[in-house]
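Protein chains: 2
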Amino acid sequence: MTDDSGESLTEEAVRRWGTAHTPRTAELMTGLVRHLHAFAREVDLTADEWMTALGWLTRTGQISDDKRQEFILASDVLGLSSLVVQLDQKSDERATPATVLGPFHIDGSPVVESGFDMSEELPGTPLFILGRVTDLYGLPVPSAVLDVWQADVDGAYESQLPEVDEARLRARYRAGADGRYCVRTIVPLGYTIPMDGPVGELISRTGISPYRPAHIHFLIDQPGYRRLVTHLFPAGTDYLDSDVVFGVKDALVTHFVEHQPGPAPDGKVMDRPFLVAHYDFVLAPASS
Amino acid sequence: MTDDSGESLTEEAVRRWGTAHTPRTAELMTGLVRHLHAFAREVDLTADEWMTALGWLTRTGQISDDKRQEFILASDVLGLSSLVVQLDQKSDERATPATVLGPFHIDGSPVVESGFDMSEELPGTPLFILGRVTDLYGLPVPSAVLDVWQADVDGAYESQLPEVDEARLRARYRAGADGRYCVRTIVPLGYTIPMDGPVGELISRTGISPYRPAHIHFLIDQPGYRRLVTHLFPAGTDYLDSDVVFGVKDALVTHFVEHQPGPAPDGKVMDRPFLVAHYDFVLAPASS
Ligand SMILES: [Cu+2]
Ligand SMILES: [Fe+3]
Ligand SMILES: [Fe+3]
């Protein structure tokens with residue numbers, strides 16, 4: 001190991017990690033070793049820089065807990081989450097595109113019926129999202145469950161509000177036998193990712209905009225179908241071209257249409273203006 | 001961003017991180033993005049695998065504290081620490097080679113005089129290490145301070161023993177005006193890296209030996225000279241060819257010579273067998 005650029009060290013590291021007990025682990029670990037070594041060599045990484053990086057990684061783990069997932073955020077802003085989504089979904093051209101999960105999903109939201117208002121008493125303009133959940137051929141996926149979550153008008157998710165102890169702006173909607181669903185909520189706003197941790201610290205050392213365009217998260221995990229993690233974005237909203245987590249896809253941008261007070265899609269009569277979005281989610285089969 | 005393999009996503013991520021406020025940060029971040037994206041694409045990383053990796057990173061940060069540095073250990077076993085040392089020290093052919101710092105260094109060890117027994121009352125065979133600290137031309141570095149640390153006969157470093165609250169098997173030795181130093185300690189043994197954390201978990205999924213050969217750590221940080229972080233290894237000890245952290249370099253392997261009871265290098269008379277190693281540390285100038 002006396003060559004200047006450490007090539008033989010890399011070879012030895014690749015040889016060792018190639019002894020992993022499964023071929024896939026060996027493939028992942030040797031690939032990781034090769035690319036990380038190539039990175040260090042290419043940028044001629046210094047010891048000080050590397051110690052700074054290891055300290056950053058440590059703080060990123062330590063600021064994380066049951067609710068805050070700083071490593072998911074790091075992966076998001078590096079474009080890795082979006083890349084992995086894209087690699088995973090390669091073959092499903094007709095299905096609704098997936099996008100990043102983000103760090104704010106909470107498991108176990110209450111299961112509710114179509115039309116339920118998941119915004120309850122919170123401020124904001126009422127929004128109805130309705131449509132169908134279908135397979136690739138337009139046939140309904142009966143009783144599909146749509147796990148929905150979003151930020152409030154201040155850009156805060158429940159997981160960022162430690163004092164909240166019941167479900168807030170999140171619910172699992174059960175579609176009907178015909179695959180139809182109706183979510184009632186409030187209009188989402190764009191927000192910045194959390195800037196008070198190691199990821200924000202890094203972003204603030206660049207010209208990168210820390211904003212996400214307004215969106216609502218959906219997760220549909222139906223037996224027999226490929227799990228779909230996605231968002232809907234309102235057409236014309238800010239930051240669609242600069243989403244800090246690379247989450248925007250054209251097919252996920254949809255019109256949120258303004259309505260004056262009057263009858264709403266859930267059959268009730270609204271005494272103030274509201275918006276309506278129509279969206280059909282198309283699921284790929286599990287095997288694809 | 002509709003290309004299958006995510007190339008345009010990578011380009012956009014590189015463009016964004018290229019807006020970093022200093023050219024070096026831009027170089028580091030765009031290099032990192034390119035190599036991590038290339039890795040994900042090459043191994044066709046799945047969402048499940050990536051979530052597993054992010055969970056592993058989070059646990060690696062969370063198990064770390066003031067004393068335990070699991071990310072340094074991760075870097076060590078991937079060969080990255082050793083690679084960075086090698087990249088950093090490229091041009092100093094005549095100087096003592098550097099090697100990995102490892103995760104067990106503790107700052108602020110007591111400053112002691114030559115001959116001090118840093119093993120105090122601990123079990124083990126007495127060992128004297130003596131020699132000079134010089135520059136590249138063999139001239140003494142007067143009053144150089146050698147920060148020395150090692151594991152006990154059970155393979156444990158002080159930082160792994162939460163109940164210890166004073167310096168144990170570590171000290172900073174001040175060399176004389178002629179650059180001469182003499183460390184008294186105990187003979188080191190090989191040990192396994194800590195296997196009870198995320199790094200051990202990963203290693204145990206491979207055929208990689210978790211052992212390090214016996215060694216003693218040295219850090220010499222003298223004004224006007226390049227900081228030297230290194231080890232000495234006893235010739236003929238186990239695991240020299242399979243050091244789990246890639247730390248061995250030929251020029252750091254030295255003879256530990258057995259002596260029968262009698263006069264020791266510190267002038268005292270030993271009533272039991274002891275070992276003696278001679279080693280001269282050669283420092284490069286700070287500017288090189
Ligand atoms: Cu690479
Ligand atoms: Fe979000
Ligand atoms: Fe060690």
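Here the protein sequences come in this chain order: A and B. Take the first sequence: its position 218, counted from the start at 1, is 218 in UniProt numbering, and no numbers get skipped. Take the second sequence: its position 263, counted from the start at 1, is 263 in UniProt numbering, and no numbers get skipped. We put the beta carbon where it would ideally sit given N, CA and C, even for glycine. These numbers were taken from a predicted model, which means no experiment stands behind them.
Handout entry: V44 of chain B versus Q222 of chain A - alpha carbon distance
Key = Along the second sequence, one-based indexing puts residue 44 of chain B at 44. Along the first sequence, one-based indexing puts residue 222 of chain A at 222. The question names Val, but residue 44 of chain B is Asp in the sequence shown. Each residue's alpha carbon lies about 24 Å from the other.
Handout entry: Span of the beta strand (DSSP E), counted from its first residue to its last, around I216 of chain A
Key = Translated into positions along the first sequence, residue 216 of chain A becomes position 216. Its beta strand (DSSP E) spans residues I216 to I220.
Practice task
Within the stretch 81-123 of chain B, note down every full beta strand (DSSP E) run reaching 3 residues or more, in order along the chain.
Solution key: 111-113
Practice task
Let me know the secondary structure DSSP gives P126 of chain B once reduced to three states.
Solution key: Stepping through the second sequence from its first residue, residue 126 of chain B is reached at position 126. The answer is strand: DSSP assigns P126 of chain B an E or B state.
Handout entry: H259 of chain A beta carbon near ligand 2 (any heavy atom closer than 8 Å)
Key = Taking the first residue of the first sequence as position 1, residue 259 of chain A is located at position 259. Flag unset: Cβ of H259 of chain A not near ligand 2.
Problem - 9 Å Cβ cutoff, T2 of chain B in contact with chain A - result: As a working mapping, residue 2 of chain B is identified with position 2 in the second sequence. Its pLDDT being 46, under 50, T2 of chain B is placed unreliably by the model, and nothing is read from it.
Exercise for the section: Confirm the yes/no value for this check: CB of Q222 of chain B, any heavy atom of ligand 2, distance under 8 Å. Expected result: For the purposes of this step, residue 222 of chain B is taken as the residue at position 222 of the second sequence. Relative to the non-hydrogen atoms of ligand 2, the Cβ of Q222 of chain B never comes closer than 8 Å to any of them.
Exercise for the section: Under 8 Å between beta-carbons, which chain B residues line up against D88 of chain A? List them in chain order, please. Expected result: Reading the first sequence from its first residue, position 88 is the one you call residue 88 of chain A. Going along chain B in sequence order, the residues near D88 of chain A (Cβ under 8 Å) are T46 and A47.
Problem - Strand pairing of P263 of chain B, partner residues [DSSP] - result: Walking along the second sequence from the start, residue 263 of chain B turns up at place 263. The partner list for P263 of chain B (beta bridge, DSSP) reads B:V269.
Exercise for the section: Would you check whether ligand 4 has a heavy atom nearer than 8 Å to the C-beta of A38 of chain A? Expected result: This structure does not include ligand 4; its bound ligands are ligand 1, ligand 2 and ligand 3.
Handout entry: Proximal residues of chain A, C-beta to C-beta of E12 of chain B below 8 Å
Key = Looking up residue 12 of chain B in the second sequence gives position 12. Neighbours of E12 of chain B on chain A, chain order: G79 and F246.
Problem - 8 Å contact criterion, which A214 of chain A and P194 of chain A should meet: CB distance rounded - result: Taking the first residue of the first sequence as 1, we reach residue 214 of chain A at position 214. Taking the first residue of the first sequence as 1, we reach residue 194 of chain A at position 194. The Cβ separation is near 17 Å, so there is no contact.
Problem - As assigned by DSSP and simplified to three states, the class of G236 of chain A - result: Indexing the first sequence from 1 puts residue 236 of chain A at position 236. If DSSP states are grouped into helix, strand and coil, G236 of chain A belongs with coil.
Handout entry: A156 of chain B - DSSP class collapsed to helix/strand/coil
Key = Residue mapping note: residue 156 of chain B aligns to position 156 of the second sequence, counting from 1. A156 of chain B: coil per DSSP, three-state reduction.
Handout entry: Candidates B:D238, B:Y225, B:F281 and B:P263: closest to L252 of chain B by CA position
Key = To locate residue 252 of chain B, count along the second sequence from 1; it is residue 252. When only C-alpha atoms are compared, the closest one is B:F281.
Practice task
Specify the secondary structure class of V33 of chain A as computed by DSSP and reduced to three states.
Solution key: If you number the first sequence from 1, residue 33 of chain A lands on position 33. Three-state DSSP puts V33 of chain A in a helix.
Practice task
Consider the C-beta atom of H215 of chain B and the heavy atoms of ligand 3; say whether any pair is separated by less than 8 Å.
Solution key: On the second sequence, position 215 is the one that residue 215 of chain B refers to. Within the cutoff, so yes.
Exercise for the section: Tell me whether V199 of chain A sits in a helix, a strand or coil according to DSSP, three-state version. Expected result: Counting from 1 along the first sequence, the entry for residue 199 of chain A is found at position 199. Looking at V199 of chain A - three-state DSSP - the assignment turns out to be helix.
Exercise for the section: With DSSP as the reference, label W50 of chain A as helix, strand or coil. Expected result: Counting from one through the first sequence, the residue named residue 50 of chain A turns up at place 50. Helix, per DSSP.
Handout entry: Sequence-distant residues of its chain with Cβ nearer than 8 Å to G61 of chain A (five each side left out)
Key = Reading the first sequence from its first residue, position 61 is the one you call residue 61 of chain A. Shown here for G61 of chain A: same chain residues with a beta carbon closer than 8 Å to its own, the five before and five after excluded, namely E70 and F71 in chain order.
Exercise for the section: Report the neighbours of Q160 of chain A on chain B: residues whose CB is nearer than 8 Å to its CB, in chain order. Expected result: Position 160 of the first sequence, counting from 1, holds the residue named residue 160 of chain A. Those within 8 Å of Q160 of chain A in chain B number zero; the least Cβ separation is about 17 Å.
Exercise for the section: Could you check the C-alpha separation between A53 of chain B and L28 of chain A for me, to the nearest Å? Expected result: Your numbering for residue 53 of chain B matches position 53 in the second sequence. Your numbering for residue 28 of chain A matches position 28 in the first sequence. Roughly 11 Å between the two C-alpha positions.
Problem - Separation of D243 of chain A from T2 of chain B, as counted between CA atoms - result: By one-based count along the second sequence, residue 2 of chain B stands at place 2. By one-based count along the first sequence, residue 243 of chain A stands at place 243. Its pLDDT being 46, under 50, T2 of chain B is placed unreliably by the model, and the measurement read from it follows with that caveat. Each residue's Cα considered, the two are about 16 Å apart.
Exercise for the section: Compare the C-alpha of G131 of chain A against each of A:P123, A:L122, A:V141 and A:G55 and name the closest. Expected result: The residue given as residue 131 of chain A occupies position 131 in the first sequence. Checking every option, the nearest Cα to that of G131 of chain A belongs to A:V141.
Problem - Neighbourhood of T192 of chain A by C-beta distance below 6 Å, restricted to the same chain and skipping five residues each side - result: By 1-based counting over the first sequence, the position of residue 192 of chain A is 192. Non-local beta-carbon contacts of T192 of chain A in its own chain, meaning distances under 6 Å to residues more than five positions away in sequence, involve P210 and Y211 in chain order.
Practice task
Measure the CB-CB distance between W17 of chain A and I208 of chain B and report whether it falls below 9 Å.
Solution key: Position 17 of the first sequence holds residue 17 of chain A. Position 208 of the second sequence holds residue 208 of chain B. Yes; because the gap between Cβ atoms is below 9 Å, this pair is in contact.
Exercise for the section: Report yes or no: is there a C-beta of chain E within less than 9 Å of the C-beta of I220 of chain A? Expected result: Absent from the structure: chain E. Protein chains present are A and B.
Problem - C-beta neighbour in chain B for G108 of chain A, strict 9 Å - result: On the first sequence, residue 108 of chain A is found 108 positions in, with the first residue counted as 1. Closer than 9 Å: no.
Problem - Contacting residues, own chain, Cβ-Cβ under 6 Å from S167 of chain A (five flanking each side not counted) - result: By one-based count along the first sequence, residue 167 of chain A stands at place 167. The sequence given here places Ala at residue 167 of chain A; Ser does not occur at that position. Correct list, in chain order: S109 and P110.
Handout entry: Below-9 Å beta-carbon distance, V199 of chain A vs any chain B residue
Key = Taking the first sequence and counting its residues from 1, one reaches residue 199 of chain A at position 199. Output row for V199 of chain A: interface = no.
Practice task
Using 8 Å as the cut-off, classify the Cβ of Q102 of chain B as near or not near the heavy atoms of ligand 3, replying yes or no.
Solution key: The residue you call residue 102 of chain B lines up with position 102 of the second sequence. For the sequence presented, residue 102 of chain B should be read as Gly rather than Gln. Flag set: Cβ of G102 of chain B near ligand 3.
Handout entry: 7 Å CB neighbourhood of R94 of chain A in its chain, flanking five on each side removed
Key = Along the first sequence, read from residue 1 onward, the residue named residue 94 of chain A stands at position 94. Cβ-Cβ distances below 7 Å link R94 of chain A to L136 and V282 in the same chain, with the five nearest sequence neighbours on each side left out; the list follows chain order.
Problem - Spatially closest choice to A286 of chain A from A:D271, A:F246, A:R34 and A:L228, by CA coordinates - result: In the first sequence, the residue the question calls residue 286 of chain A occupies position 286. Cα-wise, what sits closest to A286 of chain A is A:L228.
Exercise for the section: Name the one or two DSSP bridge partners that P23 of chain A has. Expected result: Looking up residue 23 of chain A in the first sequence gives position 23. Residue pairing by DSSP places P23 of chain A in no beta bridge whatsoever.
Exercise for the section: Indicate, with yes or no, if ligand 2 has a heavy atom lying under 8 Å from the CB of R212 of chain A. Expected result: Mapped onto the first sequence, residue 212 of chain A falls at position 212. It does: the Cβ of R212 of chain A is within 8 Å (strictly closer) of some heavy atom of ligand 2.
Exercise for the section: Quick one: which unbroken beta strand (DSSP E) runs of 3-plus residues sit fully inside the stretch 158-183 of chain A? Chain order, please. Expected result: Runs of the beta strand (DSSP E) lying entirely within the stretch 158-183 of chain A and spanning at least 3 residues, in chain order: 170-174.
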